[in-house]
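Asks:
Protein chains in written order, with our numbering: chain A, 1 to 602; chain B, 603 to 844.
(1) Under a CB-based cut-off of 8 Å, is residue 393 of chain A close to chain D?
(2) Using a Cβ-Cβ cut-off of less than 7 Å, give me the residues of the region 47-65 of chain A that come near chain B, in sequence order.
(3) Can you name the residues of chain A whose CB is closer than 7 Å to the CB of residue 785 of chain B?
(4) When the Cα of residue 730 of chain B is compared with those of A:433, A:562, A:444 and A:498, which residue comes out closest?
(5) Whole angstroms are fine: how far does the CA of residue 726 of chain B sit from the CA of residue 852 of chain B?
(6) What number of angstroms, rounded off, separates the C-alpha of residue 134 of chain A from the C-alpha of residue 340 of chain A?
(7) Check for me: the beta strand (DSSP E) holding residue 584 of chain A runs from which residue to which?
(8) Are the beta-carbon atoms belonging to residue 689 of chain B and residue 658 of chain B less than 8 Å from one another?
(9) Name the chain B residues that come within less than 9 Å of residue 572 of chain A, Cβ to Cβ?
(10) Below 7 Å on C-beta distance, what does residue 536 of chain A contact in chain B?
(11) Let me know the secondary structure DSSP gives residue 319 of chain A once reduced to three states.
(12) Return no unless some Cβ of chain B is closer than 8 Å to the Cβ of residue 501 of chain A.
(13) Determine, using beta carbons only, whether residue 660 of chain B and residue 686 of chain B come nearer to each other than 8 Å.
(14) For chain B, check one thing: does any of its Cβ atoms lie closer than 8 Å to the Cβ of residue 494 of chain A?
(15) DSSP three-state label for residue 325 of chain A, please.
(16) In chain B, which residues lie less than 8 Å from residue 489 of chain A when you measure between Cβ atoms?
(17) Alpha carbons only, please: which of A:477, A:200 and A:86 is nearest the one belonging to residue 317 of chain A?
(18) Hey, is residue 497 of chain A's beta-carbon within less than 8 Å of any beta-carbon in chain B?
(19) 8 Å is my cut-off, CB to CB: does residue 601 of chain A come that close to chain B?
(20) How big is the Cα-Cα spacing for residue 560 of chain A and residue 510 of chain A?
(21) What does residue 670 of chain B touch in chain A if you count any residue whose Cβ is under 7 Å from its own?
(22) Residues in the same chain with beta-carbon distance under 8 Å from residue 129 of chain A, minus the five sequence neighbours each way, listed in chain order, please.
(23) Would you be able to state if there are at least three C-beta pairs under 8 Å between the region 190-198 of chain A and the region 371-387 of chain A?
(24) Excluding the 5 residues preceding and the 5 following residue 74 of chain A in the sequence, name in chain order all residues of the same chain whose CB lies nearer than 8 Å to its CB.
(25) Quick check on the DSSP output: the alpha helix (DSSP H) that includes residue 302 of chain A runs from which residue to which?
(26) Report yes if the CB atom of residue 41 of chain A is closer than 8 Å to the CB atom of residue 29 of chain A, and no otherwise.
(27) Check whether chain B comes within 8 Å of residue 3 of chain A, counting only Cβ atoms and requiring the distance to be less than that.
(28) Given 8 Å as the limit, is there contact between the region 279-295 of chain A and the region 246-263 of chain A, that is, 3 or more CB pairs closer than that?
(29) Could you have a look at residue 604 of chain A and say whether DSSP puts it in helix, strand or coil?
(30) Please return the same chain residues whose Cβ sits closer than 6 Å to the Cβ of residue 132 of chain A, not counting the five positions on each side in sequence.
(31) Do the region 57-74 of chain A and the region 88-103 of chain A touch if we need at least three Cβ pairs shorter than 8 Å?
(32) Got a sec, what are the start and stop residues for the beta strand (DSSP E) residue 520 of chain A sits in?
(33) DSSP on residue 703 of chain B, reduced to helix/strand/coil?
(34) Going by DSSP, what residue range makes up the alpha helix (DSSP H) through residue 746 of chain B?
(35) Give, in chain order, every residue of the region 607-621 of chain B whose Cβ lies closer than 7 Å to some Cβ of chain A.
(36) Bridge partners for residue 785 of chain B per DSSP, in chain order?
Next up, the structure:
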């Protein structure tokens, strides 16, 4: 078969050695291989097949699942514009067009000289400082026309990314309101020292007393989760921190990992103490690649401080360490069982449940998966006790919640409140005016209209993973929903029929309305599709894919009604649009080249 | 299986009492009792996958895939109801428009589970707009043809190849609506894999992707399995005890 002297072995060998030739680290190996070579070459796969003893089809199956990995050349500079609705509101579409013109490249394609490709990607978690782009998976924010021109110049001159002006890569925390967490002035090791004065059972009891609930949005009791996992038998127990912050409009974990990483790692270590884990993972979304070196440095510091490693703080039997795994552009990996599949180096397809991760998670061993913010809260509870924490917030939602505020407001950024804060209060604090709607917890969450702004951020009323996107009266809520529906189509994993096909059908139907071909028939179709996805999809993505449409139909009906132009059904097919390719090829766009009926189809 | 265990436990399926052995899923118990729940990605010879969702039932008020949901004592399962069959029909229509299915000229017509299940569910039209995906054939192999146009991504060939044949000839690649079947070769061609007609994987496709060459239409359309009887009477004619 293949010889050992494969031309890709030179850069692959050190990567493979670093990962101990562990096939479960396949995704990490592929990501690092691409960082080195720009894409994953088919001969690199030859070598991985041989070295990892994995079938090539599996390697290709994994690589092709993640949107930030490429199996074909994608240009020396791979530019991806974040395409959340907030980026759109800040004008990203014009900037893309402008950049494409300057660099002579069509969006979605690689330039003929192989220099550059320009495309869109799902929300990169920079909504407070958009429009945002990723260049070779490194974040650059606050794009303007001038910045586009400057970037184009650097690309044309083939200046290596490492020599680009540092100011391009500046990322702000934008913290506007602090409460117990963001104000904690946390000293690394302080919570752990306190916790280790007590037994694991006592610490578990403190977490239960705190009534802490998961900050990823679902709100499962953290204490119960830990208790189930601790009680589950297995060769190893694992702690996983879900930092795959992919929900459009959410960016709190980015800030927590930038400026509060010690609290995150300390919370994980406390969890390890309770459930008896020796190993933990932080699963960081690929879009936050720029945080990797910083986080690894903090881990190293914690090892030196005896807060990680063997015999933590002098407790001979307490051994625990943390490894960082990066995702590579797959929202679905925020779903905990898909995240575990991805950690194991596989396609990020949600598992059939039960069994749940607490009994059968990473490598089918008992595993706790918690959100970044949850682990931060654990550190506070370790330091101040469960009763103290339980006192903050409301009866059923203890503690505080960090909101990622973006959209139409004066001061986008992070706002931390005790649970129970009203939407109106947040709007006042962030300087939002003439607000029409707020999308709480991202596309999979809830859209609230102005008559609901007295509703509260709690698990009983408005549960949220943190996103708080503000839309003023000038915004078209139909276009908001359409953007979200396209997001779900892009992010559906493709495993189950209803979500794989349904998200495409739904976005086609929304496009049909947008293109002026809508009738009440299409409306009824959308509602039928909603019900089908809700009742038959495999996981939460499919279940919530219709939420934005359902919510906006219910609350912003006029935005839809004005698109139901026709009384009777008409097909989505648009002959004039179908001829656009021919027009492009012949360079004609005069009236004679169009059919009589002229749509604003695009 | 745990044959020595007594099968005392039962649940009801559309009002009928179904006995089950611990560890069986709803569909496994139903099939053992001779009851039909429509399905595509499930095959009694393989570990359930749970992806096509055609076998969705209502168990104690909750919709769930019956191929992966464990049977439990006294649960009330509804399967053959108008609402669920309407949903199944919509899922079948989705599968039809997602690929390119030309039943009248297909070698598997009459033996195809997708077609037969669509008849069973009274599907009269594809309803949705077709996607018309571009899915080139792979005719590289001397004895077998791969017609990806008909693939419904059930992964049975992948499961058979890895779990039974120990070969990993087939895998799923891509994501979302771009998910597609690939074969284990650098060229991407079946001829360059170690696939053989003796493989289990060569004989599990519920539709017409994996087709043996030069024996087309040996049995005339009209005299094939599901021409003779509806799929509900014998969903897996080639599987013993099914």
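Idealized CB from N, CA, C, for every residue including glycine.
These numbers come from a predicted model, not from an experiment.
Replies: According to the structure data:
(1) In the structure shown, chain D does not exist; the protein chains are A and B.
(2) Those would be 55, 56, 57, 58, 60, 61, 64 and 65, in chain order.
(3) Position 183 of the second chain, counting from 1, holds the residue named residue 785 of chain B. Per Cβ cutoff of 7 Å: 57.
(4) Along the second chain, read from residue 1 onward, the residue named residue 730 of chain B stands at position 128. Nearest neighbour of residue 730 of chain B by Cα position, chosen from A:433, A:562, A:444 and A:498, turns out to be A:498.
(5) Nothing about residue 852 of chain B can be read from this structure; chain B reaches only from 603 to 844.
(6) Along the first chain, one-based indexing puts residue 134 of chain A at 134. Along the first chain, one-based indexing puts residue 340 of chain A at 340. Those two C-alpha atoms are separated by around 25 Å.
(7) Residue numbering aside, residue 584 of chain A sits at position 584 when the first chain is read from its first letter. Counting along the chain, residue 584 of chain A falls outside any beta strand (DSSP E), though it belongs to the alpha helix (DSSP H) covering 580-586.
(8) Here residue 689 of chain B refers to the residue found at position 87 of the second chain. Here residue 658 of chain B refers to the residue found at position 56 of the second chain. Cβ atoms of residue 689 of chain B and residue 658 of chain B: closer than 8 Å.
(9) The sequence position of residue 572 of chain A within the first chain is 572, counting from 1. The contacting residues are 731.
(10) Start at 1 with the first residue of the first chain, and residue 536 of chain A comes out as number 536. Simply 655, 658, 665, 689 and 693.
(11) Here residue 319 of chain A corresponds to residue number 319 of the first chain, with the count starting at 1. Residue 319 of chain A falls in the coil class under three-state DSSP.
(12) Locating residue 501 of chain A in the first chain gives position 501, where the first residue counts as 1. For residue 501 of chain A, the answer is yes, since a Cβ of chain B falls inside 8 Å of its Cβ.
(13) Residue numbering aside, residue 660 of chain B sits at position 58 when the second chain is read from its first letter. Residue numbering aside, residue 686 of chain B sits at position 84 when the second chain is read from its first letter. The answer is yes: Cβ separation under 8 Å.
(14) Here residue 494 of chain A refers to the residue found at position 494 of the first chain. At least one CB atom of chain B sits nearer than 8 Å to the CB of residue 494 of chain A.
(15) On the first chain, position 325 is the one that residue 325 of chain A refers to. Looking at residue 325 of chain A - three-state DSSP - the assignment turns out to be strand.
(16) Taking the first residue of the first chain as 1, we reach residue 489 of chain A at position 489. Neighbours of residue 489 of chain A on chain B, chain order: 778 and 779.
(17) In the first chain, counting from the first residue as 1, residue 317 of chain A sits at position 317. When C-alpha distances from residue 317 of chain A are compared across A:477, A:200 and A:86, the shortest belongs to A:200.
(18) Position 497 of the first chain, counted from the first residue, corresponds to residue 497 of chain A. Closer than 8 Å to some Cβ of chain B, the Cβ of residue 497 of chain A qualifies, so yes.
(19) As a working mapping, residue 601 of chain A is identified with position 601 in the first chain. Note on residue 601 of chain A: pLDDT 43, under 50, position unreliable in the model; no value is reported.
(20) Counting from one through the first chain, the residue named residue 560 of chain A turns up at place 560. Counting from one through the first chain, the residue named residue 510 of chain A turns up at place 510. Rounded to the nearest angstrom, the gap between the Cα atoms of residue 560 of chain A and residue 510 of chain A is 10 Å.
(21) One-based indexing of the second chain puts residue 670 of chain B at position 68. Within chain A, the residues 352 have their CB atoms less than 7 Å from the CB of residue 670 of chain B, given in chain order.
(22) Along the first chain, one-based indexing puts residue 129 of chain A at 129. The residues are 141, 142, 171, 172, 174 and 412.
(23) At 8 Å Cβ cutoff, the stretches touch.
(24) Locating residue 74 of chain A in the first chain gives position 74, counting from the first residue. When the five nearest sequence neighbours on each side are left out, the beta carbons in the same chain lying within less than 8 Å of the beta carbon of residue 74 of chain A are those of 38, 39, 110 and 117, in order along the chain.
(25) Here residue 302 of chain A refers to the residue found at position 302 when the first chain is read from its first residue. Residues 292-304.
(26) Within the first chain, numbered from 1, the residue matching residue 41 of chain A stands at position 41. Within the first chain, numbered from 1, the residue matching residue 29 of chain A stands at position 29. Going by C-beta atoms, residue 41 of chain A is not nearer than 8 Å to residue 29 of chain A.
(27) Taking the first chain and counting its residues from 1, the one referred to as residue 3 of chain A is at position 3. Unreliable positioning characterises residue 3 of chain A in this predicted model, as indicated by a pLDDT of 48, which lies under 50. The coordinate reading is nonetheless provided below. Chain B, which has no Cβ nearer than 8 Å to the Cβ of residue 3 of chain A, makes this no.
(28) Output reads yes: the region 246-263 of chain A touches the region 279-295 of chain A.
(29) Here chain A has residues from 1 to 602 only, and residue 604 of chain A is not among them.
(30) Start at 1 with the first residue of the first chain, and residue 132 of chain A comes out as number 132. Non-local beta-carbon contacts of residue 132 of chain A in its own chain, meaning distances under 6 Å to residues more than five positions away in sequence, involve 82, 124, 126 and 141 in chain order.
(31) Counting C-beta pairs closer than 8 Å gives fewer than three between the region 57-74 of chain A and the region 88-103 of chain A, which falls short of the contact rule.
(32) The residue labelled residue 520 of chain A in the question sits at position 520 within the first chain. Annotation: residue 520 of chain A is outside any beta strand (DSSP E); the continuous alpha helix (DSSP H) that includes it extends over 520-536.
(33) Translated into positions along the second chain, residue 703 of chain B becomes position 101. Residue 703 of chain B carries a coil assignment under DSSP once its states are collapsed to helix, strand and coil.
(34) Here residue 746 of chain B refers to the residue found at position 144 of the second chain. For residue 746 of chain B, there is no enclosing alpha helix (DSSP H); the enclosing beta strand (DSSP E) has its first and last residue at 746-748.
(35) Sequence-ordered contacts of the region 607-621 of chain B with chain A are nonexistent [C-beta pairs closer than 7 Å].
(36) In the second chain, counting from the first residue as 1, residue 785 of chain B sits at position 183. Beta-bridge pairing by DSSP links residue 785 of chain B to B:772.
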